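First residue of the sequence shown? That's 56 in the working numbering, and the numbers climb one at a time after it.
For each residue, glycine too, the CB sits at the ideal point set by N, CA and C.
In this text the structure is predicted, and so the values were computed from the model without any measurement.
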Amino acid sequence: PGYVGYDEAGQLTEKIRRKPYSVVLFDEIEKAHPDVMNILLQILDDGRITDAQGRNINFENTVIIMTTNAGSNTKSGSLGFVGSATDKDRERAMKALNDFLRPEFINRVDEIICFNKLTEENFRSIAALMLGEVRDLMREKGMELSWDESVIDYLVKKSYSLTYGARNLRRTIQKDIEDAMAAVIVDGKRGAVRAIKLSSDGEKVIVEAE
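In structure tokens form, the structure reads like this:
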């Protein structure tokens, strides 16, 4: 039909039709087009939606999670994973939500959770977890990956952001570590790479192949 939100609705209904017991995540819901919000409101209201083929798609067994940065510029603790927001923080966040979400939409949400901003210590833990994921992928290819604390220091220094959270961290790991490792592996001057060790001089990540 060509109306805004049609493609998005089609993709969603087809996935839920195939896997009705699913968790659906709408990241940064404040950026969604109003027509998409109307579709979501119908899902929250009726627990079902009709797709382009006239089929009723049941969402009753679906868990819907929405994230937003609403209030992140005003509350003392923004979205994150540490501590608990105060009543004042929650009040500010709810005010920000009401600026872009209609009351009937908010009233259909079962639970609203406010989080504090990520601390540098949180960031260090997340950096280690993300590097661990890269290490697991390397092991699947028959290679080992190790690093020292200087790499964590570098990642925190370059990527820590109260505004963008861990997104910057993911990009930095991809650009400064994964791309650099790929170049070393493809280069092949040392033959087949069995292990890679990461360190940092504070300005860049140093990749050593074995």
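CB contact flag (residue i, residue j, <7 Å)
i, j, result
"Arg-157", "Leu-99", "no"
"Phe-81", "Met-121", "yes"
"Leu-224", "Ala-182", "yes"
"Ser-216", "Ser-254", "no"
"Leu-173", "Gly-220", "yes"
Host beta strand (DSSP E) of residue i (start-end)
i, result
"Phe-114", "Counting along the chain, Phe-114 falls outside any beta strand (DSSP E), and DSSP gives it neither H nor E."
"Val-239", "Here Val-239 belongs to no beta strand (DSSP E); instead the alpha helix (DSSP H) covers 234-242."
"Lys-252", "250-255"
"Ile-261", "260-264"
"Thr-105", "103-105"
Spatially closest choice to residue i from the options, by CA coordinates
i, options, result
"Met-185", "Thr-218, Glu-85, Val-211", "Val-211"
"Gln-108", "Gly-65, Glu-263, Gly-220, Ala-237", "Gly-65"
"Arg-72", "Arg-179, Ile-104, Ala-87", "Ile-104"
"Lys-70", "Gly-102, Thr-123, Ile-112", "Ile-112"
"Arg-110", "Asp-208, Lys-172, Thr-68, Met-236", "Thr-68"
"Met-92", "Ile-161, Glu-146, Lys-143", "Ile-161"
"Asp-208", "Glu-233, Lys-230, Asp-234, Gly-257", "Gly-257"
"Ala-237", "Lys-143, Ala-87, Ala-148, Val-189", "Val-189"
"Asp-234", "Thr-218, Lys-259, Arg-179", "Lys-259"
"Asp-203", "Ala-247, Arg-179, Glu-146, Thr-218", "Arg-179"
"Glu-159", "Asp-191, Lys-213, Arg-145, Leu-96", "Leu-96"
"Asp-231", "Thr-218, Asp-242, Ala-247, Ser-214", "Ser-214"
"Ala-148", "Asp-191, Glu-85, Pro-89, Asn-177", "Glu-85"
"Ile-167", "Arg-226, Asp-142, Asn-177", "Asp-142"
Distance between beta carbons of residue j and residue i, contact taken as under 8 Å
i, j, result
"Leu-200", "Ile-251", "5 Å"
"Glu-83", "Asn-124", "6 Å"
"Arg-249", "Glu-265", "6 Å"
Residue range of the unbroken alpha helix (DSSP H) whose run includes residue i
i, result
"Val-189", "175-195"
"Ser-268", "Because residue 268 is not part of the residues shown, which for the chain are 56 to 265, the question remains open."
"Ile-207", "204-214"
"Glu-146", "142-155"
"Glu-159", "158-161"
"Ile-84", "Unbroken run through Ile-84: none, as it is neither H nor E."
"Leu-217", "Element bounds for Leu-217: n/a, residue is neither H nor E."
**Item:** the stretch 195-205 in contact with the stretch 140-159 per 3-pair CB rule at 8 Å
**Value:** no
On the three-pair Cβ rule with 8 Å, is the stretch 65-80 touching the stretch 106-126?
yes
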